[in-house]
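Residue numbers (this note's numbering): 17 to 382.
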């Protein structure tokens, strides 16, 4: 694996580690959506939800929105002045996955890891082509911030990893060990990269086959509340096809210890019951060769677990269903010292494969 940055040494040798999302942020990065084969012929409904997410996060920390030149005028009208706009090309709007993973050290330095990005599988089940602009987003963000960049050849997405800030990382084998990401790469090699680049001492692997379009991102399954405590998406309906999947993930996490030897405390966060994509919704999305098809009747993924931890706040997706209130109650109980804010209309993001955590990337405070 190759790197670039202030030296040819690894980030770990420079004292760097990846901080947990619940640690203090300098701000948040997002990308403004626009492509018609993902967000629809008229992307404005999704753009408004992105804007509302940015506004909700901005109550707690600064927000930087990357916008193409073509959408600059739209974004300037839709976003308030306190949202900083950067003109930047990208192929789509999933900043969590194509953006950098920021790292910090005890001297107060901030740097970033730039993973290889291939649109969740490249030409083997990837979601769109090309993805070259997305693969340059991390480098451009780090240049804007003005911090060192460590480049690795490991194909990884930010939504595929969660860290506790104390040496533990949770991921899924269905993503990192998938032949459409890292053919021939072993578990030990991946763990070594996590150790060298993120300061990780223990990687917890969630096993199992995933049938979602990301191949099983961990940020659709669980999230750290604090070291030793995780929230986990939960299915209450035993008749659901996915019920056993979540049961199995729970059993795996409950049997694990973290890098400090702690057993994980697991808090269940039930999933909402979301209806399949309607014919009207599907008709808005243009068809394009090489792009993941979205058709009427397809399952609309939606999980409250895909929330964003901000400075003093939790910003979580709402789907305009009764389950929204229960999710807020559980999140507030898990984060008693943070204000929990829901963003309405997040089905518009879910229809395209992710949610609030997927479209954001925190920049830690140095």
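Just so it is clear, CB atoms sit at the ideal spot from N, CA and C, and this is done for glycine as well.
I think residue i touches residue j, with their Cβ atoms under 8 Å apart; what is that distance to the nearest whole Å?
{"i": "residue 111", "j": "residue 95", "result": "So it is not a contact: roughly 15 Å between Cβ atoms."}
{"i": "residue 157", "j": "residue 45", "result": "6 Å"}
{"i": "residue 287", "j": "residue 269", "result": "Not confirmed; about 16 Å, so no contact."}
{"i": "residue 27", "j": "residue 213", "result": "5 Å"}
{"i": "residue 50", "j": "residue 61", "result": "With a Cβ gap of about 12 Å, residue 50 and residue 61 do not count as contacting."}
{"i": "residue 166", "j": "residue 130", "result": "7 Å"}
{"i": "residue 375", "j": "residue 66", "result": "7 Å"}
Using beta-carbon positions only, say whether residue i and residue j come within less than 9 Å of one another.
{"i": "residue 285", "j": "residue 324", "result": "no"}
{"i": "residue 109", "j": "residue 118", "result": "no"}
{"i": "residue 76", "j": "residue 241", "result": "no"}
{"i": "residue 150", "j": "residue 133", "result": "yes"}
{"i": "residue 247", "j": "residue 201", "result": "no"}
{"i": "residue 33", "j": "residue 120", "result": "yes"}
{"i": "residue 231", "j": "residue 188", "result": "yes"}
{"i": "residue 373", "j": "residue 239", "result": "yes"}
What number of angstroms, rounded off, separates the C-alpha of residue i from the C-alpha of residue j?
{"i": "residue 370", "j": "residue 322", "result": "8 Å"}
{"i": "residue 142", "j": "residue 196", "result": "8 Å"}
{"i": "residue 19", "j": "residue 254", "result": "The predicted position of residue 19 is uncertain, since its pLDDT is 40 and thus under 50; a value taken from the coordinates is nonetheless stated next. Roughly 47 Å between the two C-alpha positions."}
{"i": "residue 218", "j": "residue 257", "result": "31 Å"}
{"i": "residue 379", "j": "residue 342", "result": "29 Å"}
{"i": "residue 386", "j": "residue 145", "result": "In the structure as shown, the chain starts at 17 and stops at 382, and residue 386 therefore has no counterpart that could be examined."}
{"i": "residue 358", "j": "residue 291", "result": "20 Å"}
{"i": "residue 190", "j": "residue 228", "result": "11 Å"}
{"i": "residue 43", "j": "residue 192", "result": "28 Å"}
{"i": "residue 299", "j": "residue 37", "result": "37 Å"}
{"i": "residue 344", "j": "residue 52", "result": "32 Å"}
{"i": "residue 63", "j": "residue 48", "result": "7 Å"}
{"i": "residue 207", "j": "residue 123", "result": "25 Å"}
{"i": "residue 54", "j": "residue 277", "result": "43 Å"}
{"i": "residue 301", "j": "residue 182", "result": "42 Å"}
{"i": "residue 306", "j": "residue 148", "result": "14 Å"}
{"i": "residue 382", "j": "residue 73", "result": "19 Å"}
{"i": "residue 367", "j": "residue 272", "result": "33 Å"}
{"i": "residue 236", "j": "residue 30", "result": "32 Å"}
{"i": "residue 335", "j": "residue 362", "result": "6 Å"}
Item to check | At least three beta-carbon pairs within less than 8 Å, the stretch 100-118 to the stretch 170-177 | outcome: Of all C-beta pairs linking the stretch 100-118 to the stretch 170-177, three or more are shorter than 8 Å, placing the two stretches in contact.
*asked:* Using 8 Å as the cut-off, can you tell me whether the stretch 205-223 makes contact with the stretch 145-162, which would need three or more C-beta pairs spanning the two stretches below that distance?
replied: Touching, no, given that fewer than three Cβ pairs across the two stretches are closer than 8 Å.
Exercise for review: Tell me the start and end of each unbroken beta strand (DSSP E) in the stretch 135-195 that is at least 3 residues and wholly inside, in chain order.
Suggested key: Every beta strand (DSSP E) of 3 residues or more that sits fully in the stretch 135-195 is shown, in chain order, as 164-171 and 184-188.
What are the start and end residues of each continuous alpha helix (DSSP H) run of 4 or more residues lying completely inside the stretch 37-125, in chain order?
-> The stretch 37-125 is shown to contain whole alpha helix (DSSP H) runs of 4 or more residues at 52-55, 60-74, 88-94 and 111-114, in chain order.
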